Amino acid sequence: MASLLDPLGLLRDLAEGTEQLGRALVGQERIRLAVTGLTRAGKTVFLTSLVANLLAAGRGSRTLPALEAAAGGRLRAVRLVPAGVESVPRFDVHAHLAALAQDPPAWPDRTEDLSTLELTLELERRSLFGGMLGTRSVTLELLDYPGEWLLDLPMLGQDFAAWSAETLARLRMPERLPATRDFLAFVDALPADVPEEEALARRGHALYRDALRACRDRLGFRFLQPGRALNPGPRGEAPLLWFFPLPHPRGGGLAALLARRHAAYVAEQRDRFFDPFFRRFQRQAVLVDVLGALHAGEAAFADTAEALGAIARAMGEGNGLLARLLGLATTRVAFAATKADHVPARQREALTALLGHLVHAPQAGAAAAGATTAVHALAAIRCTEDDVATLEGRPVAAVRGVLLQEGRSAKVYPGEVPMSPPQPGFWRHAYFEMPAFRPPRLDPAGTSGVPHLGLDALLAWLIGDLL
Amino acid sequence: MSDAPPPGSHRGDAATGAAPPGPRVILDEQGRAAPRLDFGWEQAVVPVAPPPAPRRWSGLGRLAAGAGVLVLGLSALDAANFVAAQFERGAALGWVTLGVVLAGFGLIASAGWAEMRGLLRLRSVDRARAAFARGDLEAARTEVIRWAAGVEEAAAIQPALREARSLEELRGLLSAPLRSLESQASTLGRNAAVQAFSVTAISPSPGLDALVFAWRGVRLVRQVAALHGIRPGIAATAALLRRTLFDAATVAATDIAVDAAARALLTNPLLEKVAGEAAAGAVAARRMLRLARAAAEACRVFPPG
Numbered sequence: 004m005a006s007l008l009d010p011l012g013l014l015r016d017l018a019e020g021t022e023q024l025g026r027a028l029v030g031q032e033r034i035r036l037a038v039t040g041l042t043r044a045g046k047t048v049f050l051t052s053l054v055a056n057l058l059a060a061g062r063g064s065r066t067l068p069a070l071e072a073a074a075g076g077r078l079r080a081v082r083l084v085p086a087g088v089e090s091v092p093r094f095d096v097h098a099h100l101a102a103l104a105q106d107p108p109a110w111p112d113r114t115e116d117l118s119t120l121e122l123t124l125e126l127e128r129r130s131l132f133g134g135m136l137g138t139r140s141v142t143l144e145l146l147d148y149p150g151e152w153l154l155d156l157p158m159l160g161q162d163f164a165a166w167s168a169e170t171l172a173r174l175r176m177p178e179r180l181p182a183t184r185d186f187l188a189f190v191d192a193l194p195a196d197v198p199e200e201e202a203l204a205r206r207g208h209a210l211y212r213d214a215l216r217a218c219r220d221r222l223g224f225r226f227l228q229p230g231r232a233l234n235p236g237p238r239g240e241a242p243l244l245w246f247f248p249l250p251h252p253r254g255g256g257l258a259a260l261l262a263r264r265h266a267a268y269v270a271e272q273r274d275r276f277f278d279p280f281f282r283r284f285q286r287q288a289v290l291v292d293v294l295g296a297l298h299a300g301e302a303a304f305a306d307t308a309e310a311l312g313a314i315a316r317a318m319g320e321g322n323g324l325l326a327r328l329l330g331l332a333t334t335r336v337a338f339a340a341t342k343a344d345h346v347p348a349r350q351r352e353a354l355t356a357l358l359g360h361l362v363h364a365p366q367a368g369a370a371a372a373g374a375t376t377a378v379h380a381l382a383a384i385r386c387t388e389d390d391v392a393t394l395e396g397r398p399v400a401a402v403r404g405v406l407l408q409e410g411r412s413a414k415v416y417p418g419e420v421p422m423s424p425p426q427p428g429f430w431r432h433a434y435f436e437m438p439a440f441r442p443p444r445l446d447p448a449g450t451s452g453v454p455h456l457g458l459d460a461l462l463a464w465l466i467g468d469l470l
Numbered sequence: 009m010s011d012a013p014p015p016g017s018h019r020g021d022a023a024t025g026a027a028p029p030g031p032r033v034i035l036d037e038q039g040r041a042a043p044r045l046d047f048g049w050e051q052a053v054v055p056v057a058p059p060p061a062p063r064r065w066s067g068l069g070r071l072a073a074g075a076g077v078l079v080l081g082l083s084a085l086d087a088a089n090f091v092a093a094q095f096e097r098g099a100a101l102g103w104v105t106l107g108v109v110l111a112g113f114g115l116i117a118s119a120g121w122a123e124m125r126g127l128l129r130l131r132s133v134d135r136a137r138a139a140f141a142r143g144d145l146e147a148a149r150t151e152v153i154r155w156a157a158g159v160e161e162a163a164a165i166q167p168a169l170r171e172a173r174s175l176e177e178l179r180g181l182l183s184a185p186l187r188s189l190e191s192q193a194s195t196l197g198r199n200a201a202v203q204a205f206s207v208t209a210i211s212p213s214p215g216l217d218a219l220v221f222a223w224r225g226v227r228l229v230r231q232v233a234a235l236h237g238i239r240p241g242i243a244a245t246a247a248l249l250r251r252t253l254f255d256a257a258t259v260a261a262t263d264i265a266v267d268a269a270a271r272a273l274l275t276n277p278l279l280e281k282v283a284g285e286a287a288a289g290a291v292a293a294r295r296m297l298r299l300a301r302a303a304a305e306a307c308r309v310f311p312p313g
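Residue numbers (the numbering used here), protein chains in the order written: chain A, 4 to 470; chain B, 9 to 313.
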């Protein structure tokens, strides 16, 4: 996003690049790890597991063997960076762990606000000569945020007219009509020169917000904008949110009012969220609930792919030549299918392959911007074990876990996970909602970390070269 | 086992004919609450003694070691030949030459030993911090007892440290001497700040400012390290400076902003000169205070927070 047209951004990049170089020279690197993912992809649980397992690994527990191997057994300690005078809330890993360990357990609620945390990894140096200078440290900067807000990223480059046209086209898709019919009837009935009337703006926004919520909660769609209409954050709804797409977006009256609010919203999201936190990062983990998208149906699956592509395009714009020269560009992007414990072990390979197809466009975009990419499958907290179920007289591989609500043990047969985008016949089994499982028995203090699947392999690939 | 509808919506799974079965939930027949799964995780990840990290000679290390061997080895050989030649000329001359050579090499060896001791003390702090971080009571106790032996404020608590039964007890016992050391480090920082302020305000050139600031900063770091019983040599000072450098530099951006604001507000040339220099002095003083705090944190036997 920095260019010669943005001298302040350029200066910031130069200062940041110099600082990075200096830190690398004295062995005190600082790495911003952007964990991105659509809503319900599992970002909060991923961060909780990552922090708990890294802290445990720093105490000597073998919670992340692949990362330990990548570090050559030189990881000596991991600690949370003490709180300073930050104005952003601190990611409360201990509260999340305690909620998961309590009886009955509770998964983290929908994330409503930003929170950050920094971890310092202390490592022995590789060489004898360097060892005389003491340990090296790598500080990982982490951020948690509502996934809905990430979908505002593609809005940064659009004006109200372009956004309206694109959004209305999506809302008119037949699969979304059950949720969007009322709103579409309202906006289609508005004349082109409708006057600036606040009551109309409020009514239109309320209908639009309800349509977005229904799309998300009932139909499993993810590409829904603006993010704060669905998740307004801790400050609640503000007048700048009261806009919605119009079929006649140009001109005065109501269209001008909504265009002003759209512009103000985009500017605020840029200043308060994207510029401070997503402008520059060196490593990125893109979390995708592939199974959720697969079970939500063909349209929701395609919608997830489109949303991921749009976010990746918007994020890739910052990886220009200057950023690469200054060492600020994103150099590794890992795409990870979360909740991999919801399928038996023999299907996880298929899950990874399917994710590869789903993120083909973002992966190609990241590679073109100079980043190395990889595809993984993981469960940040493993909640099931493999089992066998009998369906229609045939044994099938299934998983067994304890259901969150009922507290009863259950086997779940997740269906066949295809290795490539499913054929039309596959969607006959769509609209299945995977039940939530209880987490396994956990130590509330997280002394030994938490059970996971594949988190260590992901971290080893993502940050192993820095250790 | 019995097939049951899933908790969530489950439309479109009317699988008929030869179509493969769709996803489904099969509840346990027993119908009673089940205990949470237990993967035996705590036993699976139980800490084991970390394997010694493989160390290799870096290019720089080999270069330095090679240069050292050449300089010292050839000098020693040359000196030995010279002593032998002197003995051939006369016994008295030989003994005097031998004494000079031994004194010279002895001083070099003692300087090397002092450097090594400074570095080893710093490594001991690293080991103690790592032991606290991984919750290893035995290693932490051994290291803090060793540390306490070299620090006047902590010498008296060595017997209590030996008896400590948990890391919390160790932390509690060490908190009083560490508070005292931090207060002394702050005093040292304030003294350095006053000196930096005065020198910056009266010095004729910015180049001299930087030189004085650097010298006073290095001295301050060594003073704070000495408080913690480290008594660093050149190599240990470099290692300490490396650790404190970036912590102290984090205030640099604020300093620049304060400096620019102070200069922008003043238009009178004389006022600008006086206040501008004072602002620069204030910035230098604040950096010294920060440096003292950062150095004290780098030398603590367990990290703050």
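Using N, Cα and C, we set each Cβ at its ideal position, and we do this for glycine too. A quick note: this is a predicted structure, and the numbers were derived from the prediction, not measured.
Whole-angstrom distance between residue j and residue i, CA atom to CA atom
| i | j | result |
| --- | --- | --- |
| residue 70 of chain A | residue 465 of chain A | 9 Å |
| residue 307 of chain B | residue 215 of chain A | 55 Å |
| residue 338 of chain A | residue 56 of chain A | 20 Å |
| residue 281 of chain A | residue 72 of chain B | 43 Å |
| residue 196 of chain B | residue 293 of chain B | 12 Å |
| residue 219 of chain A | residue 400 of chain A | 30 Å |
| residue 429 of chain A | residue 421 of chain A | 9 Å |
| residue 82 of chain B | residue 92 of chain B | 15 Å |
| residue 357 of chain A | residue 293 of chain A | 8 Å |
| residue 141 of chain A | residue 163 of chain B | 34 Å |
| residue 190 of chain B | residue 297 of chain B | 12 Å |
| residue 49 of chain B | residue 348 of chain A | 18 Å |
| residue 439 of chain A | residue 160 of chain B | 59 Å |
| residue 181 of chain B | residue 111 of chain A | 38 Å |
| residue 116 of chain B | residue 20 of chain A | 41 Å |
| residue 23 of chain A | residue 14 of chain A | 14 Å |
| residue 309 of chain B | residue 217 of chain A | 56 Å |
| residue 145 of chain A | residue 95 of chain A | 12 Å |
| residue 449 of chain A | residue 343 of chain A | 22 Å |
| residue 94 of chain B | residue 118 of chain B | 26 Å |
Contact belief for residue i with residue j at Cβ below 8 Å, rounded distance in angstroms
| i | j | result |
| --- | --- | --- |
| residue 264 of chain A | residue 246 of chain A | 4 Å |
| residue 93 of chain A | residue 104 of chain A | Wrong, their Cβ atoms sit about 20 Å apart, outside the cutoff. |
| residue 388 of chain A | residue 403 of chain A | 6 Å |
| residue 172 of chain A | residue 447 of chain A | That pair is no contact at about 49 Å. |
| residue 210 of chain A | residue 189 of chain A | 5 Å |
Within chain B, partners of residue i - CB distance below 7 Å
| i | result |
| --- | --- |
| residue 414 of chain A | 34 |
| residue 451 of chain A | 49, 50, 53 |
| residue 339 of chain A | Within 7 Å Cβ-Cβ: nothing; residue 339 of chain A doesn't reach chain B, min ~21 Å. |
| residue 394 of chain A | 29 |
| residue 138 of chain A | 134 |
Per-residue contacts from residue i into chain A (C-beta, under 9 Å)
| i | result |
| --- | --- |
| residue 47 of chain B | 385, 388, 443, 444, 454 |
Residues bridged to residue i (per DSSP)
| i | result |
| --- | --- |
| residue 416 of chain A | B:32 |
| residue 265 of chain A | DSSP lists no partner for residue 265 of chain A. |
| residue 429 of chain A | According to DSSP, residue 429 of chain A bridges with nothing at all. |
| residue 80 of chain A | A:125 |
| residue 291 of chain A | A:340 |
| residue 147 of chain A | A:118 |
| residue 140 of chain A | A:31, A:125 |
Cross-chain neighbours of residue i in chain A, by beta carbon under 7 Å
| i | result |
| --- | --- |
| residue 143 of chain B | 62 |
Chain A contact residues for residue i, given Cβ-Cβ distances below 8 Å
| i | result |
| --- | --- |
| residue 137 of chain B | 80, 125 |
Chain B residues whose Cβ lies nearer than 9 Å to that of residue i
| i | result |
| --- | --- |
| residue 65 of chain A | 52, 53, 54, 55, 56 |
| residue 405 of chain A | 41, 42, 43, 44, 45 |
| residue 411 of chain A | 35, 36, 38, 39, 40, 41, 42 |
Per-residue contacts from residue i into chain B (C-beta, under 8 Å)
| i | result |
| --- | --- |
| residue 298 of chain A | 31 |
| residue 417 of chain A | 31 |
Which ranges does the alpha helix (DSSP H) cover as unbroken runs of at least 4 residues, wholly within the stretch 243-288 of chain A, from first to last along the chain? 257-272, 278-281
Restricting to runs no shorter than 3 residues, where is the beta strand (DSSP E) found entirely within the stretch 4-61 of chain A? 31-40
In chain order, what are the residue ranges of uninterrupted alpha helix (DSSP H) at least 4 long that sit wholly in the stretch 333-416 of chain A? 348-361, 363-371
Taking only runs of the beta strand (DSSP E) that begin and end inside the stretch 111-189 of chain B, which ones reach a length of at least 3 residues, in chain order? none
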